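See structure below.
See the structure below:
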């Protein structure tokens, strides 16, 4: 147990990096996902195709492959950013595909009359999306979005495989010097479980506050 | 598609706007592609010599060997995880509390632990306690442990979706609880969850890329070795990504086809009953 306290600063720094990765990439993913969803439900076929291609591509590529490609491959064509930034961008782009899929199912759940009413009072496509459809769509998919947030937190650990020193990497390093795997890995696992539990608690509360019963 | 709920049949002005948006969208996509090509060209990555190796068989054979190992790891993991998943699902639905609680705890805990952390445990922690698995199992065991929880939830949902009358009927004709589950409920549940199982298998196949960490020679790790050997980093990783994409796209397509077939089948049964 004392290993954990001896190495608290390193593990703490790792946890902070994990939280940064999670928060930043989820925020980025949310913005991207709204854009992709708008593309996927737009009346323009080319835009729909672009949105669908985005979702299909990033749902079917392993995140680790994308991370490796971005961290080791992209510098070859002169695109290079800091390691942490690269990881955040890649995770955001990857999770955006899943979020967009969740949002689209939310849009599909909004009843048809809402869209018709929005058009009847003369709102344009983007106005009806922004003021009428998306707010309702978001409320129906609080739970799936919470699950994607938890998945994002878990997936940030893959950044450790390309050299970001997040919680997973920090735990591994401490274990390599101290060779006391049980307390270290259990501690790291608990930290992840705690993040997931917090996210679950928040989404549970949000769900109850926001859900529209039909 | 219900997305048609968001717009009406376009009139002349809307059609013009759609045409403009089509042109703009296409131009943006082309511009993005052109930018990528320009980046490749400016850094000399477009030279024929840097792509030519991937027109030769030995390179592909090496990567396809990697793909074979990926498939092997994925199939073994899926078999183990599904077997464990069924047991866990049955455990969670058991009416004995000492079975139900541990199964529920396993599922809830493992679902919130990253697979990579489990891989590190198997890689670095278990050998200290004298359990040094062969390379293949160092990848398969942690993935099976983490995917078992996901499969358990899928199977549980499937079992719960089977109407209660089925269980009652099974018990009424004198089957034991276990027999009812095995002969009546599970076969129906398994059919219903087939699409979810296939799409979870896509996730599992993606997880096998952790072989990169374990240095088990699956597709991504093979790509890494190959890139270190021929120095063609971006080309190799792009080819690897393409292979993953093709395999997973076909699996996802299969999942969608299965789902569509079931959506056709289910209402018919309901109608017959009504």
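Chains as they are written, first to last, in the numbering used here: chain A, -3 to 210; chain B, 51 to 324.
Cβ atoms here follow ideal geometry from the backbone N, Cα and C, with glycine treated the same way.
Given the structure is predicted, the values throughout are model-derived calculations rather than measurements.
Considering Cα atoms alone, identify which of the options is closest to residue i.
i              : options                        : result
residue 23(A)  : 50(A), 71(A), 85(A)            : 85(A)
residue 147(A) : 301(B), 164(B), 305(B), 72(B)  : 164(B)
residue 119(B) : 301(B), 294(B), 313(B), 304(B) : 294(B)
residue 65(A)  : 175(B), 273(B), 306(B)         : 273(B)
residue 144(B) : 97(B), 102(B), 209(B)          : 209(B)
residue 133(A) : 117(A), 112(A), 102(A)         : 102(A)
residue 188(A) : 27(A), 167(A), 173(A), 206(A)  : 167(A)
residue 163(A) : -2(A), 3(A), 12(A)             : 12(A)
residue 20(A)  : 131(A), 82(A), 207(A)          : 82(A)
residue 214(B) : 200(B), 234(B), 224(B), 195(B) : 234(B)
residue 258(B) : 63(B), 158(B), 166(B), 141(B)  : 166(B)
residue 239(B) : 249(B), 256(B), 216(B)         : 216(B)
residue 269(B) : 185(B), 93(B), 290(B), 169(B)  : 290(B)
residue 326(B) : 171(A), 202(A), 45(A)          : Nothing can be reported for residue 326(B), as the shown portion of chain B is limited to 51 through 324.
residue 276(B) : 141(B), 113(B), 230(B), 58(B)  : 113(B)
residue 144(A) : 16(A), 75(A), 199(A)           : 199(A)
residue 72(A)  : 126(B), 147(B), 94(B)          : 94(B)
residue 207(B) : 188(B), 243(B), 190(B)         : 243(B)
residue 73(B)  : 27(A), 17(A), 40(A), 1(A)      : 40(A)
residue 169(B) : 158(B), 159(B), 187(B)         : 187(B)
residue 106(A) : 122(A), 128(A), 123(A)         : 128(A)
residue 126(A) : 30(A), 49(A), 138(A), 2(A)     : 30(A)
residue 205(A) : 113(A), 182(A), 139(A)         : 139(A)
residue 28(A)  : 3(A), 70(A), 51(A)             : 51(A)
residue 201(A) : 173(A), 181(A), 135(A)         : 135(A)
residue 121(A) : 312(B), 311(B), 306(B), 57(B)  : 57(B)
residue 191(A) : 203(A), 142(A), 175(A)         : 142(A)
residue 196(B) : 162(B), 287(B), 110(B)         : 162(B)
residue 137(A) : 182(A), 74(A), 203(A), 184(A)  : 203(A)
residue 189(B) : 230(B), 228(B), 126(B), 278(B) : 126(B)
Quick one: residues in its chain with C-beta nearer than 7 Å to the C-beta of residue i, no 5 flanking neighbours on either side, listed in chain order?
i              : result
residue 128(B) : 251, 254
residue 246(B) : 204
residue 233(A) : Lying outside -3 to 210, the shown extent of chain A, residue 233(A) is not represented and no answer is given.
residue 100(B) : 282, 285
residue 326(B) : Residue 326(B) cannot be examined here, being either before or after the span of chain B that is shown, 51 to 324.
residue 154(A) : 59, 60, 63
residue 149(B) : 141
residue 165(A) : 10, 156
residue 60(B)  : 68
residue 177(A) : 171
Leaving out the 5 sequence neighbours to the left and right, which residues in its chain are closer than 8 Å to residue i when beta-carbon positions are compared?
i              : result
residue 171(B) : 192
residue 169(A) : 6, 161
residue 111(A) : 124, 128, 129
residue 321(B) : With a pLDDT of 49 at residue 321(B), under the threshold of 50, the modelled position of that residue is not reliable, and no figure is offered here.
residue 298(B) : 252, 255, 256
residue 55(A)  : 93, 94, 97
Excluding the five sequence neighbours on either side, which residues of its own chain have a C-beta within less than 6 Å of the C-beta of residue i, listed in chain order?
i              : result
residue 25(A)  : 88, 91, 92, 95
residue 134(B) : 198
residue 47(A)  : 32, 35, 36
residue 67(B)  : none
residue 18(A)  : 148, 149, 152
residue 324(B) : Here the model assigns residue 324(B) a pLDDT of 42, short of 50, so the residue's position is not dependable, and the following value carries that caveat. Closer than 6 Å at Cβ, skipping near neighbours: no residue.
Just the chain E side, please: which residues come within less than 7 Å of residue i by C-beta, in chain order?
i              : result
residue 185(A) : Here the protein chains are A and B, and chain E is not one of them.
Is residue i near the ligand GTP, judged by its Cβ being under 7 Å from some heavy atom?
i             : result
residue 96(B) : The model depicted lacks the ligand GTP and carries no ligand whatsoever.
- Near-chain A residues of the region 77 to 101 of chain B - C-beta to any C-beta below 7 Å: Residues 79, 89, 90, 92, 93, 95.
- Report the residues of the region 45 to 68 of chain A with a CB closer than 8 Å to any CB of chain B, ordered along the chain. Listed in sequence order: 46, 52, 53, 55, 56, 57, 58, 59, 60, 61, 62, 64, 65, 68.
- Pull out every residue of the region 110 to 124 of chain B whose Cβ sits closer than 9 Å to any Cβ of chain A, in chain order. none
- Contact list for the region 15 to 47 of chain A against chain B, Cβ threshold 9 Å: 35, 36, 37, 38, 39, 40, 41, 42, 43, 44, 45, 46
- Cβ-based contacts, 7 Å cut-off: residues of the region 193 to 217 of chain B near chain A: So nothing in the stretch comes that close.
- the region 169 to 183 of chain B contacting the region 261 to 271 of chain B, beta-carbon criterion three pairs below 8 Å: yes
- Query: Along the region 111 to 136 of chain A, what residues have a CB closer than 8 Å to any CB found in chain B?
  - Reply: Considering only beta carbons, the part of the region 111 to 136 of chain A lying closer than 8 Å to chain B consists of 111, 112, 115, 121, 124, 125, 129, in chain order.
- Task: Indicate whether the contact test is met: 3 or more Cβ pairs, each with one atom in the region 159 to 167 of chain A and one in the region 115 to 129 of chain A, closer than 8 Å.
- Result: no
- Residues, ordered as in the chain, of the region 71 to 100 of chain A that lie near chain B by beta-carbon distance below 7 Å: 72, 73, 74, 75
- Would you mind listing the alpha helix (DSSP H) stretches within the region 177 to 259 of chain B that are 4+ residues and don't spill past its ends, in chain order? 185 to 211, 214 to 222, 236 to 257
- Query: Taking Cβ-Cβ distances below 7 Å as the criterion, which residues of the region 253 to 271 of chain B are in contact with chain A?
  - Reply: In summary, the residues of the region 253 to 271 of chain B whose CB is separated from some CB of chain A by less than 7 Å are 256, 259, 260, 262, 263, 270, in the order they occur in the chain.
- Task: Decide if the region 214 to 228 of chain B is in contact with the region 151 to 162 of chain B; the criterion is three or more beta carbon pairs, one per stretch, under 8 Å apart.
- Result: no
- Under 8 Å (Cβ pairs) to chain B, residues found in the region -1 to 11 of chain A: none
- Could you pull out every unbroken alpha helix (DSSP H) segment of at least 4 residues lying fully inside the region 251 to 309 of chain B, listed in chain order? 261 to 264, 269 to 280
- Task: Determine which residues of the region 54 to 76 of chain B have a Cβ less than 7 Å from any Cβ of chain A, and write them out in chain order.
- Result: 55, 56, 57, 58, 60, 68, 71, 72, 75, 76
- Unbroken stretches of the alpha helix (DSSP H), 4 residues or longer, contained in the region 140 to 197 of chain A: 163 to 174
- Query: Taking a cut of 8 Å between CB atoms, which residues from the region 158 to 177 of chain A lie near chain B?
  - Reply: 164, 167, 168, 171, 172, 175, 177
- Task: Write down every uninterrupted run of the alpha helix (DSSP H) in the region 55 to 143 of chain B whose length is 4 residues or greater and which is fully enclosed by it, in chain order.
- Result: 62 to 92, 98 to 101, 107 to 143
- Near-chain B residues of the region 141 to 152 of chain A (beta-carbon distance less than 9 Å), N- to C-terminal order: 146, 149, 150, 151, 152
- Task: Determine which residues of the region 281 to 292 of chain B have a Cβ less than 9 Å from any Cβ of chain A, and write them out in chain order.
- Result: 282, 283, 284, 285, 286, 287, 288, 290, 291: these are the residues of the region 281 to 292 of chain B whose beta carbon lies less than 9 Å from some beta carbon of chain A, given in chain order.
- Message: Suppose only complete runs of 4+ residues qualify. What are the alpha helix (DSSP H) ranges in the region 10 to 58 of chain A, listed by chain order?
- Response: 41 to 56
- Contact list for the region 169 to 195 of chain B against chain A, Cβ threshold 7 Å: 170, 171, 174, 175, 178
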